[in-house]
Each structure stands twice: as structure tokens, then as C-alpha cells.
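Chemist:
Protein chains: 2
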Amino acid sequence: MGRTAPDKDGLLATLAEVFREHGYEGTSLARIGHATGLGKGSLYNFFPGGKEEMAGAVLANIDAWFDENVFAPLCDECEPAAAIGRMLDATDLYFRSGRRACLLGAFALDDSRDRFGNEIKSYFDRWIASLAGALMRAGHRQPEARQLAEDTVAGVQGALTLARAFDEPEVFSRSLKRMRERLVA
Amino acid sequence: MGRTAPDKDGLLATLAEVFREHGYEGTSLARIGHATGLGKGSLYNFFPGGKEEMAGAVLANIDAWFDENVFAPLCDECEPAAAIGRMLDATDLYFRSGRRACLLGAFALDDSRDRFGNEIKSYFDRWIASLAGALMRAGHRQPEARQLAEDTVAGVQGALTLARAFDEPEVFSRSLKRMRERLVA
DNA sequence: ACAGGTTTGTACCGATTGGTACAATAAACG
DNA sequence: CGTTTATTGTACCAATCGGTACAAACCTGT
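Chains as they are written, first to last, in our numbering: chain P, 48 to 232; chain Z, 48 to 232.
(1) Along the alpha helix (DSSP H) that carries F213 (chain P), what are the first and last residues, could you check?
(2) Which residues mark the beginning and the end of the alpha helix (DSSP H) in which L85 (chain Z) is found?
(3) Can you find a heavy atom of the ligand NAD that lies under 7 Å from the Cβ of H187 (chain Z)?
(4) When the distance is taken between beta carbons, is E228 (chain Z) closer than 8 Å to S222 (chain P)?
(5) Looking at C-beta atoms only, is the number of pairs between the region 189-209 of chain Z and the region 207-217 of chain P that lie closer than 8 Å three or more?
(6) Over what stretch of residues does the alpha helix (DSSP H) that includes N108 (chain Z) continue unbroken?
(7) Taking a cut of 7 Å between CB atoms, which residues from the region 54-74 of chain Z lie near chain P?
(8) Quick check: what's the CA-CA separation for I79 (chain P) versus S89 (chain P)?
(9) Using the beta-carbon count (16 or more within 10 Å), is R143 (chain P) buried or exposed?
(10) Hey, does T110 (chain Z) have any beta-carbon neighbour from chain P nearer than 8 Å?
(11) I want to know whether the region 155-163 of chain Z touches the region 70-87 of chain Z - three or more CB-CB distances under 8 Å.
(12) Does chain P have any CB closer than 8 Å to the CB of L209 (chain Z)?
(13) Would a check of beta-carbon distances place Q189 (chain P) closer than 8 Å to chain Z?
(14) By a C-beta neighbour count over all protein chains shown, 10 Å radius and 16 as the cutoff for buried, is L182 (chain P) buried or exposed?
(15) Taking the alpha-carbon of Q194 (chain Z) as reference, which of Z:L178, Z:R147, Z:S75 has the nearest alpha-carbon?
(16) So does the region 94-113 of chain Z actually touch the region 52-70 of chain Z, counting three or more Cβ pairs closer than 8 Å?
(17) Are Y170 (chain P) and L151 (chain P) closer than 8 Å when you measure CB to CB?
(18) Report all residues from its chain with a CB closer than 7 Å to the CB of A130 (chain Z); omit the five preceding and five following residues, and keep chain order.
(19) Exposed or buried, W112 (chain P), counting other C-beta atoms within 10 Å across all chains shown (16 or more means buried)?
(20) How is G145 (chain P) classed by DSSP in three states: helix, strand or coil?
(21) List the whole-angstrom C-beta distance separating P127 (chain P) from R173 (chain P), where the pair is believed to meet the contact cut-off of C-beta under 8 Å.
(22) Name the chain Z residues whose beta carbon is nearer than 7 Å to that of D98 (chain P)?
(23) What is the DSSP secondary structure of P53 (chain Z), counted as helix, strand or coil?
(24) For T199 (chain Z) and I167 (chain Z), what's the separation of their Cα atoms in angstroms?
(25) Tell me, please, whether the CB atom of F197 (chain Z) is closer than 8 Å to any CB atom in chain P?
(26) So, with DSSP's three-state summary, where would you put P95 (chain P)?
(27) Check the Cβ-Cβ distances between S222 (chain P) and every residue of chain Z, and say whether any is below 8 Å.
(28) Are L97 (chain P) and F219 (chain P) close, meaning C-beta to C-beta below 8 Å?
(29) Spatial neighbours of P216 (chain Z) within its chain, please: CB distance less than 8 Å, with the 5 preceding and 5 following residues excluded, ordered by chain position.
(30) For the alpha helix (DSSP H) containing N165 (chain P), list its first residue and its last residue.
(31) Tell me the DSSP secondary structure of T74 (chain P) in three-state form.
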């Protein structure tokens, strides 16, 4: 083995932060190098596919986190109200109570959608489907459950947008609190 | 006078479409030139401030449209339910029933926020404030009206994001329909 | 200490970025 | 018809873009 490789998780986290802050086009290799403290040599050593592979790895990483911490709780066999509560807790944790943007939401808007369309679609699809499942177990009928799930995921995205627009994370926290009341009612 | 100037409104509309589709960073002058059919000479003649002035003019144009067609109806002195209905109609019209993205929402996410933070903030602020006003005239108390308005504007943004993520404009139409029921109830 | 493979900095590449300068052009007005 | 003035294409600029090549530095297993 050669030199000690830096921990990949921390690297992916830093990369994610840069992409979140500046979008795909706005994230230059120079900025990545500055944020991570790595030169091009190291970056292209870990990600031979360049910027696109970096963004792909970041998306996969986020995807896995949501799978484990947000979607999975919804599919558990316990009482659905508690499952939904845990989902909202994880959501609030991930988005740092509104201080963090959603990378997949940002990518959905600009033309990163062309490169990562499948990942983006799958991410939102699984979120809505698992939430709708929990809502049905809580007694909602199929069409209403689906609509309520759609509204909730859309509401999260919109609240994140507003929180960033106003530079007031509380907008997100408040919105999440109202969703909690609405979903368990 | 010199040559006949192309109509500024059509030019701004084309510019807006390019910015909406590719974001601020992703919109190169080459792309603008191709989309508008104008060379750099013309572009810098109309917008001496370059790309930033173009984006600013586009935002001002959108701002004016929303002021007249979306915010103003909410402030009218007629019955608030009809006012809210007209607001939703104009919203659906502008976003082409979900086929069009929101430029201000997109700018709020990436670092265009640094350049146009005030415009973005003002846009969402006026939307929420005018809607909350109409809701109060409809009988809602102040805090609930404000929260409902916030949820609605956030919901529009989120629905646009989802519609783009899934490439299914119907997601937006459905969401808007549910908002209509929720707001007039 | 040595050899192996890994990590890293640096120099370099062509292409494209936003922006400037300016001469050529064409319409409107006297 | 000629002058004026707004419009336009083209050439050019330094800076930066994403990406490649490769030799030097380094850590680890023997």
C-alpha cells in the first residue's frame, strides 16, 4: 500500500457540501480542491471519472443515507404514527433544521437533471411510496395516502427553498412541525 | 435612430427561458446568443452590465408580471375566495401547468442567491404577505393565515420541483387543485 | 534496507468562459 | 441625399474550465 488514503466518508461529505452550495455547474474543480484540501492528482486518483463521478458518488451516498434513516423507518412494521414521526426526525436532522439545502432538489431544477435523472426520480419516488405505505397502514385510503405523501415531500422541498430564500431556517422547522400535526391526525 | 431594435419583451422572455433551463452558472453567453439569435455586440449593447444585468432584467420582468397578475388580485377588495382563485389561476398559467420551472426558486438554491438575494426575498415575501392578507379577510386569524400562506407558497415551489424531477407536469396540477380546496374551505 | 504500489503536486492541454474594442452597417430624420 | 445614431459581426483578451501525464514523495509489507 502507498500513502494513507483520507477517509472516504469525510471526503464525500465535504464534496456534498460544495455541490449543495454551488450546484453542479457552479462547482469547479478548483473549488473542490480548495474545500477538500486535495489537488487534482488525488481527486482524479479517487474519481477517475472526474466531476461527474464525484457528483454521482455524492448522490449515491445521500441516497444510501435516506434509504437507511428516512425510508426504512417508514417501512417498519411498528405503529405507523411512530414511523412517520421518526421519518420527520431524520429529515429535520439531515437538513440541519433548514440550514442545509437538498442536493437532489437542486439538481432536479437545472440541467443536472439530464445526467442524474434516474437517481433523482428514484429518490423522490421511494420517499413518496414509503410514506404513502405508512399512511395506508395508518388507515388512509390509497388515493388520499398517495396525495398526502406527495404534498408532504413537495412541502419539504418548498420549505427548504423558502428557508434559503429568506435565510431563515425557522421557516423549515415551522413547516415540518405543521406536517407532523397534519400527518398523525 | 439606428437599426430597428428587436422587441424587448420577447427578448426578455427568451432570456428567461434560458436561465430557467440552465440556471445562472449554466447559462453561457454562447447559449444566450444561440437562443436569441443575437451576437455579443447586440447583447452588450442592450445590457452593458453583461450577464448579471441580463439576469437582473429577467428577474425584474418576472417580478412585475407577478405583481400585476398574482399579487395584485389578492389585494383587491372583492371577495377573498374569488381573489385566491384568480391567484391560483395566474400561477397555473405562468408555470404552464407544471411544465415551467420557477427561476426565483432555482436562484434561491444555488449561489445566485448572493447576487439577487434581495429580489428573491422580496418576491416570496410579497407573495406570502398578500396571500395571508386575503386569508385574513376570509376569516382566518393572523397566525394561521400567515402559516397557511407560507405552506401554500412552499407547496407551489415543491410541486414544481417534483414535477420536474418526475418529468410529469400533472404532479403540479394535482397539487394546485388540492391547494384550491384547502384554501377556500 | 529494500521493493511495491499508492498518493500527490505540478506542469500542461485545448476548449470555453465573460467581457472589450471597434469597424462595418443600416435605418430614421433633416 | 447625407448625416446621425443605434445596431451588429468579428476579432481579440486574460482567466478559468475540466481533464491528462507523469515524476516525485510516501507508506507498508518483507
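Backbone N, C-alpha and C define an ideal beta-carbon position, used for all residues, glycine too.
Modeler: Judging by the given coordinates:
(1) Counted from its first residue, the first sequence places residue 213 (chain P) at position 166. 189-213 is the span of the alpha helix (DSSP H), which, as asked, contains F213 (chain P).
(2) Residue 85 (chain Z) sits at position 38 when you count from the first residue of the second sequence. Run containing L85 (chain Z): none; DSSP gives neither H nor E here.
(3) This structure simply doesn't include the ligand NAD, nor any ligand for that matter.
(4) The residue labelled residue 222 (chain P) in the question sits at position 175 within the first sequence. The residue labelled residue 228 (chain Z) in the question sits at position 181 within the second sequence. It is not a contact, given that the beta carbons lie outside the stated cut-off.
(5) yes
(6) For the purposes of this step, residue 108 (chain Z) is taken as residue 61 along the second sequence, with counting starting at 1. Unbroken alpha helix (DSSP H) run through N108 (chain Z): 98-113.
(7) E68, H69, G70, E72, G73
(8) Within the first sequence, the letter at position 32 stands for residue 79 (chain P). Within the first sequence, the letter at position 42 stands for residue 89 (chain P). If you take the alpha carbons of I79 (chain P) and S89 (chain P), they lie about 11 Å apart.
(9) For this step, residue 143 (chain P) is matched to residue 96 along the first sequence. Exposed, because fewer than 16 other Cβ atoms sit within 10 Å of the Cβ of R143 (chain P).
(10) Taking the first residue of the second sequence as position 1, residue 110 (chain Z) is located at position 63. Per the sequence shown, residue 110 (chain Z) should be read as Asp rather than Thr. So, not an interface residue.
(11) yes
(12) Your numbering for residue 209 (chain Z) matches position 162 in the second sequence. True, the Cβ-Cβ gap to chain P drops below 8 Å.
(13) Locating residue 189 (chain P) in the first sequence gives position 142, where the first residue counts as 1. False, the Cβ-Cβ gap to chain Z never drops below 8 Å.
(14) In the first sequence, the residue the question calls residue 182 (chain P) occupies position 135. By the 10 Å Cβ count, L182 (chain P) comes out buried.
(15) Indexing the second sequence from 1 puts residue 194 (chain Z) at position 147. With distances taken between Cα atoms, Q194 (chain Z) lies closest to Z:L178.
(16) yes
(17) Start at 1 with the first residue of the first sequence, and residue 170 (chain P) comes out as number 123. Start at 1 with the first residue of the first sequence, and residue 151 (chain P) comes out as number 104. Closer than 8 Å, so yes.
(18) In the second sequence, the residue the question calls residue 130 (chain Z) occupies position 83. Excluding positions up to five away in sequence, the list reads P120, L121, D123, A181.
(19) In the first sequence, residue 112 (chain P) corresponds to position 65, counting from 1. Classification for W112 (chain P): exposed.
(20) One-based indexing of the first sequence puts residue 145 (chain P) at position 98. Correct three-state label for G145 (chain P): helix.
(21) Within the first sequence, the letter at position 80 stands for residue 127 (chain P). Within the first sequence, the letter at position 126 stands for residue 173 (chain P). With 8 Å as the limit, P127 (chain P) and R173 (chain P) do not qualify as a contact, their Cβ atoms being about 17 Å apart.
(22) Working through the first sequence from its first residue, we reach residue 98 (chain P) at position 51. Position check: residue 98 (chain P) holds Lys in this sequence, whereas Asp was assumed. In chain order: nothing, as chain Z lies at least about 13 Å away.
(23) Taking the second sequence and counting its residues from 1, the one referred to as residue 53 (chain Z) is at position 6. Residue state, collapsed to three classes: coil.
(24) Here the question's residue 199 (chain Z) lines up with position 152 in the second sequence. Here the question's residue 167 (chain Z) lines up with position 120 in the second sequence. The alpha-carbon atoms of T199 (chain Z) and I167 (chain Z) are separated by roughly 17 Å.
(25) Counted from its first residue, the second sequence places residue 197 (chain Z) at position 150. According to the sequence shown, residue 197 (chain Z) is Glu rather than Phe. Chain P, which has a Cβ nearer than 8 Å to the Cβ of E197 (chain Z), makes this yes.
(26) Here residue 95 (chain P) refers to the residue found at position 48 of the first sequence. Note: P95 (chain P) maps to coil in three-state DSSP.
(27) For the purposes of this step, residue 222 (chain P) is taken as residue 175 along the first sequence, with counting starting at 1. So, interface residue.
(28) Residue 97 (chain P) sits at position 50 when you count from the first residue of the first sequence. Residue 219 (chain P) sits at position 172 when you count from the first residue of the first sequence. Residue identity differs from the one stated: residue 97 (chain P) is Gly in this sequence, not Leu. No, they are not a contact pair.
(29) Reading the second sequence from its first residue, position 169 is the one you call residue 216 (chain Z). These residues qualify, in order along the chain: R143, S144, G145, R146, A210.
(30) Here the question's residue 165 (chain P) lines up with position 118 in the first sequence. First-last of the alpha helix (DSSP H) with N165 (chain P): 159-184.
(31) Here the question's residue 74 (chain P) lines up with position 27 in the first sequence. Of the three classes helix, strand and coil, the one that applies to T74 (chain P) here is coil, per DSSP.
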